[in-house]
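J.:
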């Protein structure tokens, strides 16, 4: 069995796939880093677990 | 087994674009100017962003500029093909299909605007969206082929990045942001008209109504001088705001004096003189115009560094 030499077209395809893959990976990393920064620097977050939220209790008129 | 190998030599292989061809679609040289001016706008702003937010802001401003470049290449493929300066761009060279350029331009426009909004604020994102619209539609589609004022009005698109950088940090526009915008806006016409003077065949062949084609070359020389004189108060004005200082003012005085002398020399010449020395003065003016803009924005950065050391600023 012989291996055919790689066609120039395959090199271009590989460069495109590699470039796109690295770009997407970098994008995911950036979104993750942004999320971490936003959460750390964000306004105090409201914890909804096991905590009474007075503003969430409906009033008599039925409006929150 | 290679699908191409089996047919190698039998049929011509269609060109498939590599990653670099798509990068070229985003006009990386224009993007480098956008990155630099947007970075200066962001850094000299009185509000400091977190480094990750600042990095994201600059990245997505540059991506937005790249998107508008791709849209421009999609629309202008026919005239790019007949101009020597642009004939090797990916679409006219047959490396990327026009439809692909459109799809990439639209997709990157959406991504860049939404991501800038998420990373910073909606005002900066709205300005970026407007900039992309301005370059791709107002300049490329409406103005470029219809009026010799195309460069003047279209120059606004290239002038927005420092303002967007400033707004990304502060959330609002100020006189400093406006003057950085005005500096690039007023600089663009003399810069491109000098280029049009010595690249005359290109625009003429493509039928783009550059001032040199519609109003003649003498008129273009007058326009270069007038716009250069109008640029001076803008440059000096920026140097006396909160982003300037004694050093910035000194740099602005020297650069503008030099620029005005260059414009004056262009104005005094006629075509016979220009042909005799192969447009040496026009070419020198064009090259200096690049340095002019770079040094102005670099001066703002140096002034910032001096201020943080307790030396610069007013």
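Residue numbers (my numbering), protein chains in the order written: chain A, 27 to 90; chain B, 3 to 316.
Here a beta-carbon is modelled for each residue, glycine too, at the ideal position from N, C-alpha and C.
Fair warning: this is a prediction, and the values are worked out from it, not measured in the lab.
How long is the line joining the alpha carbons of residue 218 of chain B and residue 59 of chain B, rounded to whole angstroms?
T.: If you take the alpha carbons of residue 218 of chain B and residue 59 of chain B, they lie about 42 Å apart.
J.: Just checking my contact of residue 35 of chain B with residue 44 of chain B at CB under 8 Å: how many whole Å lie between their CB atoms?
T.: About 15 Å separates the two Cβ atoms, so there is no contact after all.
J.: Would you decide whether residue 87 of chain B is buried or exposed? Buried here means 16 or more other CB atoms lie within 10 Å of its CB.
T.: Exposed, by the Cβ-count rule.
J.: With distances taken between CB atoms, is the gap from residue 73 of chain B to residue 138 of chain B smaller than 8 Å?
T.: Contact: yes.
J.: Under 8 Å, do residue 20 of chain B and residue 42 of chain A count as touching if we go by C-beta distance?
T.: Cβ distance < 8 Å, so residue 20 of chain B and residue 42 of chain A count as in contact.
J.: Below 8 Å on the Cβ atoms is my contact criterion, and I expect residue 93 of chain B with residue 79 of chain B to pass it. Report the Cβ-Cβ distance as a whole number of Å.
T.: Correct: roughly 4 Å between the Cβ atoms.
J.: So that I know if they touch, is there some Cβ in chain A lying closer than 8 Å to that of residue 93 of chain B?
T.: No, residue 93 of chain B does not count as interfacial toward chain A.
J.: Given residue 188 of chain B, which residues of its chain have a CB within under 7 Å of its CB, disregarding the five upstream and five downstream residues?
T.: Cβ within range, chain order: 229, 232, 233, 236.
J.: From residue 28 of chain B to residue 103 of chain B, what does the alpha carbon distance come to, in whole angstroms?
T.: Going from the Cα of residue 28 of chain B to the Cα of residue 103 of chain B covers about 9 Å.
J.: Check whether the Cβ of residue 143 of chain B lies closer than 8 Å to any Cβ atom in chain A.
T.: By this cut-off, residue 143 of chain B is not an interface position.
J.: For residue 77 of chain B versus residue 143 of chain B, is the C-beta spacing smaller than 8 Å?
T.: Going by C-beta atoms, residue 77 of chain B is nearer than 8 Å to residue 143 of chain B.
J.: Taking its Cβ as the centre, do 16 or more other Cβ atoms sit within 10 Å of residue 61 of chain A, making it buried, or is it exposed?
T.: Residue 61 of chain A comes out exposed.
J.: Look at the alpha carbon of residue 243 of chain B and the alpha carbon of residue 23 of chain B, and state the distance between them as a whole number of angstroms.
T.: Taking the straight line joining both Cα atoms gives about 42 Å.
J.: I'd like to know if residue 55 of chain B contacts chain A, where contact means its C-beta is closer than 8 Å to some C-beta of that chain.
T.: Yes - at least one Cβ of chain A is within 8 Å of the one on residue 55 of chain B.
J.: Answer yes if the stretch 288-300 of chain B comes into contact with the stretch 242-258 of chain B, meaning at least three C-beta pairs across the two stretches below 8 Å, and no otherwise.
T.: Yes: the two stretches touch, three or more of their Cβ pairs being nearer than 8 Å.
J.: Could you list the residues in the stretch 192-225 of chain B with a C-beta less than 8 Å from some C-beta on chain A, going in chain order?
T.: Against chain A - using a Cβ distance shorter than 8 Å - the stretch 192-225 of chain B contributes no residues.
J.: Leaving aside the five residues before and after residue 304 of chain B along the sequence, list all residues of the same chain whose C-beta is less than 7 Å from its C-beta, in chain order.
T.: Same-chain partners within the cutoff: 249.
J.: Please classify residue 157 of chain B: is it buried, with 16 or more other beta-carbons within 10 angstroms of its beta-carbon, or exposed?
T.: When all chains shown are included, residue 157 of chain B counts as buried.
J.: Assess, as a yes-or-no matter, whether the stretch 166-178 of chain B is touched by the stretch 280-293 of chain B under the definition of 3 or more beta carbon pairs within less than 8 Å.
T.: The stretch 280-293 of chain B, when compared against the stretch 166-178 of chain B, does not touch it at the 8 Å Cβ threshold.
J.: For residue 239 of chain B and residue 99 of chain B, what's the separation of their Cα atoms in angstroms?
T.: Distance between the alpha carbons of residue 239 of chain B and residue 99 of chain B is about 45 Å.
J.: What did DSSP end up calling residue 264 of chain B once you bin it into helix, strand or coil?
T.: Looking at residue 264 of chain B - three-state DSSP - the assignment turns out to be helix.
J.: Taking only beta carbons into account, state which residues of the stretch 51-70 of chain A come closer than 7 Å to chain B, listed in chain order.
T.: So the list reads 56, 59, 60, 63, 67, given in the order they occur along the chain.
J.: Drop a sphere of 10 angstroms on the beta-carbon of residue 31 of chain B, count the other beta-carbons inside from all chains shown, and report buried for 16 or more, exposed for fewer.
T.: With fewer than 16 Cβ atoms within 10 Å of its Cβ, residue 31 of chain B is classed as exposed.
J.: Quick one: list the residues of chain A neighbouring residue 59 of chain B, beta-carbon separation under 7 Å, in chain order.
T.: Within chain A, no residue comes near residue 59 of chain B; the closest Cβ sits about 10 Å away, beyond 7 Å.
J.: Measuring straight from C-alpha to C-alpha, what distance separates residue 340 of chain B and residue 293 of chain B?
T.: The structure shown does not extend to residue 340 of chain B, since chain B spans only 3 to 316, so no value can be given for it.
J.: With H, G and I counted as helix, E and B as strand and the rest as coil, what does DSSP make of residue 148 of chain B?
T.: Of the three classes helix, strand and coil, the one that applies to residue 148 of chain B here is coil, per DSSP.
J.: Taking C-beta to C-beta, are residue 130 of chain B and residue 71 of chain B nearer than 8 Å?
T.: No, Cβ-Cβ distance for residue 130 of chain B and residue 71 of chain B is not below 8 Å.
J.: Leaving out five residues on either side along the sequence, give the residues of the same chain with a beta carbon under 7 Å from the beta carbon of residue 29 of chain A.
T.: No residues qualify anywhere along the chain.
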